[in-house]
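In the UniProt record's numbering, the protein residues as written are 1 to 450.
What follows is a short report on a single structure.
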Amino acid sequence: MGKKPSPLGSKSNILSQKKKLWSIMASIVFMYGIFEKFFSSQIRSYVTKYMQKLISFTSPYIHITFPDSIAGPYLKRNETYTCIQIYLNAKSSERAKRLRAEVVENSQTPLVLTIDDNEEIIDKFNGVKIWWVLITRSYIQHVLEQGKAITLKNRKLKLYTNNPSYDWWSSRTRTMDPNKKEEIINDLVKFKTGKEYYTKVGKAWKRGYLLFGPPGTGKSTMISAIANFMNYDVYDLELTTIKNNNELKRLLIETSSKSIIVIEDIDCSLDLTGQRKKKEEKPKYEKESMVTLSGLLNFIDGIWSACGGERIIIFTTNFVDKLDPALIRRGRMDKHIEMSYCSYQAFKVLAKNYWDVESHDDLFPIIEKLLEKTNMTPADVAENLMPKSIDEDFETCLKSLIQSLENAKKKDEEEAKKKIEDEEAKLKAEKEKQELTQEEEKVKENGVIY
Numbered sequence: 001m002g003k004k005p006s007p008l009g010s011k012s013n014i015l016s017q018k019k020k021l022w023s024i025m026a027s028i029v030f031m032y033g034i035f036e037k038f039f040s041s042q043i044r045s046y047v048t049k050y051m052q053k054l055i056s057f058t059s060p061y062i063h064i065t066f067p068d069s070i071a072g073p074y075l076k077r078n079e080t081y082t083c084i085q086i087y088l089n090a091k092s093s094e095r096a097k098r099l100r101a102e103v104v105e106n107s108q109t110p111l112v113l114t115i116d117d118n119e120e121i122i123d124k125f126n127g128v129k130i131w132w133v134l135i136t137r138s139y140i141q142h143v144l145e146q147g148k149a150i151t152l153k154n155r156k157l158k159l160y161t162n163n164p165s166y167d168w169w170s171s172r173t174r175t176m177d178p179n180k181k182e183e184i185i186n187d188l189v190k191f192k193t194g195k196e197y198y199t200k201v202g203k204a205w206k207r208g209y210l211l212f213g214p215p216g217t218g219k220s221t222m223i224s225a226i227a228n229f230m231n232y233d234v235y236d237l238e239l240t241t242i243k244n245n246n247e248l249k250r251l252l253i254e255t256s257s258k259s260i261i262v263i264e265d266i267d268c269s270l271d272l273t274g275q276r277k278k279k280e281e282k283p284k285y286e287k288e289s290m291v292t293l294s295g296l297l298n299f300i301d302g303i304w305s306a307c308g309g310e311r312i313i314i315f316t317t318n319f320v321d322k323l324d325p326a327l328i329r330r331g332r333m334d335k336h337i338e339m340s341y342c343s344y345q346a347f348k349v350l351a352k353n354y355w356d357v358e359s360h361d362d363l364f365p366i367i368e369k370l371l372e373k374t375n376m377t378p379a380d381v382a383e384n385l386m387p388k389s390i391d392e393d394f395e396t397c398l399k400s401l402i403q404s405l406e407n408a409k410k411k412d413e414e415e416a417k418k419k420i421e422d423e424e425a426k427l428k429a430e431k432e433k434q435e436l437t438q439e440e441e442k443v444k445e446n447g448v449i450y
């Protein structure tokens, strides 16, 4: 029988191997220091180039790099990189040793843990242990799907604007006729679930909305409500700050899917009917925008809008009659939504929002009759329903609203009366002018008597 190897002998062999390994590593570090110190950068880059080739030749791994941006005429963020980053962030809390904590406001996950710099994540796919340097096609697809799912789960609404001085509106419960609200909700749901339909008919997956009505009727609040309902990001475009069509195209390319592109007060942003309005002379450093009607039409339904999917384009205007018909025709702006003055149904929604009250036997009927005869915006109604001091209760606010409605009614009646008087005075002046002209013609025919 042979002798069994001594445990002490095996331990000494392991220790000897470790010493050799440490000696080799120390030699490499020493030689690298000399190499860095005494050789020029040209020689170092030359040697490094061929060392990398040698290492890649002997290495069994394939390295795939995902850049954070895509090069091209316009720099665009790589959505694949974002999905992979989010997927790895979800794995990092369990498997990484170094994490970076970030606080995200208005998110389902307030504290988000992400991978720290130069950290490696080990994953498993189909029973195979995988380092992030070993990637197969099916694994990449798996990562992208998981990254998108995590993104939707923890999605936070964002506002992107090309006008940094813009103040964003607040999100509040939308006040409008329940039937109209239900119609809009159904249209949004149909659009959100209509990917296969748009693919089938060969149309870009987008929807156009035109919101029009007097100031204060809630057009901006409607946009906020749509964004919250759809869980889409919002891109606010200020056309007057866009220099030309190319810049407009660049801004559109940078928008992501699942987004709302907003152009507010489009009748004031640019004159899109051909002749631009004469305005005060601008400083030399402010160049006039050269965005054209054709450029904006391409923006809405041309080739530019086909560069991504699931987008909603919203225009708002106070004066729909001023817009070029080509800009707002059906099929381009798919749905026209009139934001009218406050109705009784909208008032009841406001009363529910502000005071959690749905009826009042004495005051609600009075308000209903006044709203039928008086034009008041939802913003003005909401202002009256808001208490001005801690002593004001619901009835006090309702009485304040009734007083405001009566004042507005009286003002409307006075304006209507004045308008009639002005029209009568105008007709009288025209009649007198016509009679005077006829007298002068008679004098010319009969001659002048001195």
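Beta carbons are placed, not taken as given, at the ideal position from N, Cα and C, and that holds for glycine.
Along the beta strand (DSSP E) that carries isoleucine 312, what are the first and last residues, could you check?
Taking the sequence shown and counting its residues from 1, one reaches residue 312 at position 312. It spans 311-317 - the beta strand (DSSP E) in which isoleucine 312 sits, taken as one unbroken run.
With a Cβ-Cβ cutoff of 8 angstroms, do residue 491 and asparagine 318 count as a contact?
The shown model of the chain, from 1 to 450, leaves out residue 491, and the question about it has no answer.
Determine the extent of the alpha helix (DSSP H) in which lysine 357 is found, giving its start and end residues.
By one-based count along the sequence shown, residue 357 stands at place 357. In the sequence on display, residue 357 carries valine and not lysine. Valine 357 -> no alpha helix (DSSP H), and no H or E assigned at all.
Since I believe serine 257 is in contact with glutamate 310 (beta carbons under 8 angstroms), could you give me their beta-carbon distance rounded to a whole number of angstroms?
The sequence position of residue 310 within the sequence shown is 310, counting from 1. The sequence position of residue 257 within the sequence shown is 257, counting from 1. Contact flag correct, Cβ pair sits at about 5 angstroms.
Taking only the alpha-carbon atoms, compute the straight-line gap between glutamate 368 and lysine 411 and give it to the nearest angstrom.
Taking the first residue of the sequence shown as position 1, residue 368 is located at position 368. Taking the first residue of the sequence shown as position 1, residue 411 is located at position 411. Rounded to the nearest angstrom, the two C-alpha atoms are 18 angstroms apart.
Going by the beta-carbon positions, is the gap between proline 178 and glutamine 345 smaller than 8 angstroms?
Position 178 of the sequence shown, counting from 1, holds the residue named residue 178. Position 345 of the sequence shown, counting from 1, holds the residue named residue 345. In this structure, glutamine 345 lies closer than 8 angstroms to proline 178 by Cβ.
Mind checking if glutamate 358 is an interface residue toward chain C, Cβ cutoff 8 angstroms exclusive?
Of the protein chains in the structure, only one exists, and it is not chain C.
Can you check the region 322-403 for any beta strand (DSSP E) of at least 3 residues that lies completely inside it and give the ranges in chain order?
Fully enclosed beta strand (DSSP E) runs of 3 or longer: 335-338.
Would you kindly work out how many angstroms separate the C-alpha atoms of glycine 208 and arginine 332, rounded to a whole number?
Within the sequence shown, the letter at position 208 stands for residue 208. Within the sequence shown, the letter at position 332 stands for residue 332. Taking the straight line from one Cα to the other gives about 6 angstroms.
Would you check if there are 3 or more beta carbon pairs closer than 8 angstroms linking the region 376-391 to the region 418-426?
Counting Cβ pairs under 8 angstroms, fewer than three are found: no touch.
Classify tyrosine 46: buried if its beta carbon has 16 or more other beta carbons within 10 angstroms, exposed otherwise.
Walking along the sequence shown from the start, residue 46 turns up at place 46. Tyrosine 46 should be labelled exposed.
Just verifying my parser: in three-state terms, what is the DSSP assignment at lysine 206?
Position 206 of the sequence shown, counting from 1, holds the residue named residue 206. DSSP places lysine 206 in strand when its eight states are reduced to three.
So what does DSSP say about leucine 427, is it helix, strand or coil?
Your numbering for residue 427 matches position 427 in the sequence shown. Three-state result, leucine 427: helix.
Residues in its own chain within less than 6 angstroms of methionine 176 by CB, not counting five upstream and five downstream?
As a first step, residue 176 must be located in the sequence shown, where it is residue number 176. Result list for methionine 176: Ala346, in chain order.
Please confirm if the region 290-298 is in contact with the region 236-253, defined as three or more CB-CB distances below 8 angstroms between the two stretches.
Judged by Cβ distances under 8 angstroms, the region 290-298 makes contact with the region 236-253, as three or more pairs qualify.
Taking Cβ to Cβ, would you say isoleucine 261 is nearer than 8 angstroms to isoleucine 313?
The residue given as residue 261 occupies position 261 in the sequence shown. The residue given as residue 313 occupies position 313 in the sequence shown. Their beta carbons are under 8 angstroms apart, which means isoleucine 261 touches isoleucine 313 by this criterion.
In terms of DSSP beta bridges, what is phenylalanine 212 paired with?
Position 212 of the sequence shown, counted from the start, is the residue given in the question as residue 212. Its beta-bridge partners are Thr317, Glu338.
Assess, as a yes-or-no matter, whether the region 392-408 is touched by the region 356-364 under the definition of 3 or more beta carbon pairs within less than 8 angstroms.
Flag = yes, the region 356-364 and the region 392-408 touch.
Assuming tyrosine 232 is part of the alpha helix (DSSP H), what are its boundary residues?
By 1-based counting over the sequence shown, the position of residue 232 is 232. Neither: tyrosine 232 is in no alpha helix (DSSP H) and is coded neither H nor E.
On the three-state DSSP scale, how would you describe serine 23?
Position 23 of the sequence shown holds residue 23. Helix at serine 23.
Rounded to whole angstroms, how far is the Cβ of leucine 211 from the Cβ of isoleucine 337, which I believe are closer than 8 angstroms?
Walking along the sequence shown from the start, residue 211 turns up at place 211. Walking along the sequence shown from the start, residue 337 turns up at place 337. That pair is a contact at about 5 angstroms.
Enumerate in chain order the residues of its own chain whose CB-to-CB distance from glutamate 247 is below 7 angstroms, with the five nearest sequence positions on each side excluded.
Position 247 of the sequence shown, counted from the start, is the residue given in the question as residue 247. Cβ within range, chain order: n/a, list empty.
Round the Cβ separation of threonine 374 and lysine 418 to the nearest angstrom and send it over; I've been treating them as touching at under 8 angstroms.
Taking the first residue of the sequence shown as position 1, residue 374 is located at position 374. Taking the first residue of the sequence shown as position 1, residue 418 is located at position 418. Incorrect: roughly 17 angstroms between the Cβ atoms, too far for contact.
Would you report the Cα separation of methionine 339 and lysine 431, rounded to the nearest angstrom?
If you number the sequence shown from 1, residue 339 lands on position 339. If you number the sequence shown from 1, residue 431 lands on position 431. Distance between the alpha carbons of methionine 339 and lysine 431 is about 41 angstroms.
With H, G and I counted as helix, E and B as strand and the rest as coil, what does DSSP make of residue 534?
Residue 534 cannot be examined here, being either before or after the span of the chain that is shown, 1 to 450.
Is the beta carbon of leucine 370 less than 8 angstroms from the beta carbon of leucine 405?
Here the question's residue 370 lines up with position 370 in the sequence shown. Here the question's residue 405 lines up with position 405 in the sequence shown. A contact, by the Cβ cut-off of 8 angstroms.
Is the Cβ-Cβ distance between aspartate 267 and leucine 188 less than 8 angstroms?
As a working mapping, residue 267 is identified with position 267 in the sequence shown. As a working mapping, residue 188 is identified with position 188 in the sequence shown. Taking 8 angstroms as the Cβ cut-off, aspartate 267 and leucine 188 do not qualify as a contacting pair.
Taking DSSP's pairing of strands, which residues face isoleucine 266 in a bridge?
Against the sequence shown, residue 266 aligns to sequence position 266. The partner list for isoleucine 266 (beta bridge, DSSP) is empty, contrary to what the question assumes.
Roughly how many whole angstroms lie between the Cα atoms of isoleucine 43 and threonine 255?
Against the sequence shown, residue 43 aligns to sequence position 43. Against the sequence shown, residue 255 aligns to sequence position 255. Those two C-alpha atoms are separated by around 45 angstroms.
Anyone know if the C-beta pair for tyrosine 341 and threonine 217 falls short of 8 angstroms?
Counting from 1 along the sequence shown, the entry for residue 341 is found at position 341. Counting from 1 along the sequence shown, the entry for residue 217 is found at position 217. Their beta carbons are under 8 angstroms apart, which means tyrosine 341 touches threonine 217 by this criterion.
Using the rule of at least 16 other Cβ atoms within 10 Å of the residue's Cβ for burial, across every protein chain shown, is glutamate 182 buried or exposed?
The sequence position of residue 182 within the sequence shown is 182, counting from 1. Glutamate 182 is exposed by the Cβ-count criterion.
Using a Cβ-Cβ cut-off of 8 angstroms (strictly less than) and excluding sequence neighbours within five positions of tryptophan 355, which residues of its own chain qualify?
Within the sequence shown, residue 355 is the residue found at index 355, counting from 1. For tryptophan 355, where only same-chain residues beyond five positions count, the Cβ hits under 8 angstroms are Leu385, Phe394, Cys397.
Can you tell me whether lysine 442 is helix, strand or coil according to DSSP?
Position 442 of the sequence shown, counted from the first residue, corresponds to residue 442. It is helical.
Secondary structure at lysine 84, three-state DSSP: helix, strand or coil?
Within the sequence shown, the letter at position 84 stands for residue 84. Correcting the residue type first, residue 84 is isoleucine in the shown sequence and not lysine. Looking at isoleucine 84 - three-state DSSP - the assignment turns out to be helix.
Identify which residue in Ile185, Ile300, Pro325, Thr48 has its Cα closest to the Cα of alanine 204.
Position 204 of the sequence shown, counted from the first residue, corresponds to residue 204. That would be Ile300, whose Cα lies nearest to the Cα of alanine 204.
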